[in-house]
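These notes are about the structure you will find just below.
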Amino acid sequence: MKQRQINYLNGYSPDLQRQAAELLEADRVGALLLKKYPHSHALSNERALYDYTIDLKNDHLRSSPPLSKVIYDDKIHVINHALGLHTFVSRVQGNKLKAKHEIRVSTLFRQVPEAFLRMILVHELAHLREKEHNKAFYKLCCYMEPDYHQLEFDLRLYLSHRERFGDLW
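Just so you know, we're using the working numbering here: the sequence shown kicks off at 228 and counts up by one.
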């Protein structure tokens, strides 16, 4: 039997993809994720999201540039592999160059476990210091969230489950 392609796990080893595909085919992913992450977060409004993000930034990246906006954005489509976006906008105001940093999180993540949302925010905050997805970038992500790689995998597994079976939380 040929296994279905799992869009969100393309960068992982073939063995890990095979295991994930077997779990998905047996409809066991949902139960595993619900056991590990039983509740969704309570950060449903943008003010709470902004405050939570600023707390993360202040804990780990105090000297980084300030954030002007952190919002849920319904224009971000996870199917295009974007979970969130960090945007940097420069504008000339008089004789000064003003920079604004914004983080936009897909509205899909209004109802996921806090750990998943934190992983996305850590990823976007890391872009304040490291623009590219390089070794230094992922080292910074792991500094801010020691379980970063496991959370990213679990989130991608959830997205694969959601695509096939629907929401969990």
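Every residue, glycine too, gets a C-beta built ideally from N, C-alpha and C.
**Message:** Using DSSP's beta-bridge definition, name the partner residues of residue 409.
**Reply:** Outside the shown range of the chain, which is 228 to 396, sits residue 409, and nothing can be said about it.
**Prompt:** With a cut-off of 8 Å, do at least 3 Cβ pairs link the region 275 to 290 to the region 246 to 264?
**Reply:** no
**Request:** Can you tell me which of 389, 249, 362, 273 puts its alpha carbon nearest to the alpha carbon of residue 329?
**Result:** For the purposes of this step, residue 329 is taken as residue 102 along the sequence shown, with counting starting at 1. Minimum Cα distance to residue 329 is reached at 273.
**Prompt:** Mind checking whether residue 260 and residue 385 have CB atoms under 9 Å apart?
**Reply:** Indexing the sequence shown from 1 puts residue 260 at position 33. Indexing the sequence shown from 1 puts residue 385 at position 158. Yes; because the gap between Cβ atoms is below 9 Å, this pair is in contact.
**Asked** If you draw a straight line from the alpha carbon of residue 263 to that of residue 381, how long is it in whole angstroms?
**Response** Locating residue 263 in the sequence shown gives position 36, counting from the first residue. Locating residue 381 in the sequence shown gives position 154, counting from the first residue. Spanning the two alpha carbons is a distance of roughly 10 Å.
**Prompt:** How would you write the range of the beta strand (DSSP E) that residue 327 sits in, first residue to last?
**Reply:** For the purposes of this step, residue 327 is taken as the residue at position 100 of the sequence shown. Its beta strand (DSSP E) spans residues 323 to 333.
**Prompt:** Would you say residue 300 touches the ligand NAP, meaning its beta carbon is less than 8 Å from a heavy atom?
**Reply:** Within the structure as shown, the ligand NAP is missing, as the structure has no ligands at all.
**Item:** Distance CB(residue 338)-CB(residue 268) smaller than 9 Å
**Value:** By 1-based counting over the sequence shown, the position of residue 338 is 111. By 1-based counting over the sequence shown, the position of residue 268 is 41. Against a cut-off of 9 Å, the Cβ pair of residue 268 and residue 338 comes out as a contact.
**Request:** State buried or exposed for residue 383, treating a residue as buried only when at least 16 other CB atoms are found within 10 Å of its CB.
**Result:** One-based indexing of the sequence shown puts residue 383 at position 156. So residue 383 ends up on the buried side.
**Message:** Let me make sure I understand the geometry here. Which of 336, 292, 278 has the alpha-carbon closest to that of residue 302?
**Reply:** As a first step, residue 302 must be located in the sequence shown, where it is residue number 75. Comparing Cα-Cα distances from residue 302 to each of 336, 292, 278, the minimum goes to 336.
**Asked** Three-state secondary structure (DSSP) at residue 311?
**Response** The count along the sequence shown starts at 1 and reaches residue 311 at position 84. Residue state, collapsed to three classes: strand.
**Item:** Close beta carbons around residue 349, own chain, < 6 Å, minus the five adjacent residues each side
**Value:** Here residue 349 refers to the residue found at position 122 when the sequence shown is read from its first residue. For residue 349, where only same-chain residues beyond five positions count, the Cβ hits under 6 Å are 368, 371, 372.
**Item:** Classification of residue 366 by the beta-carbon crowding that lies within 10 angstroms, buried from 16 upward
**Value:** The sequence position of residue 366 within the sequence shown is 139, counting from 1. So residue 366 ends up on the exposed side.
**Asked** For the beta strand (DSSP E) that residue 256 lies in, which residues bound it at each end?
**Response** Numbered from its first residue, the sequence shown carries residue 256 at position 29. No beta strand (DSSP E) contains residue 256, which is instead part of the alpha helix (DSSP H) from 256 to 263.
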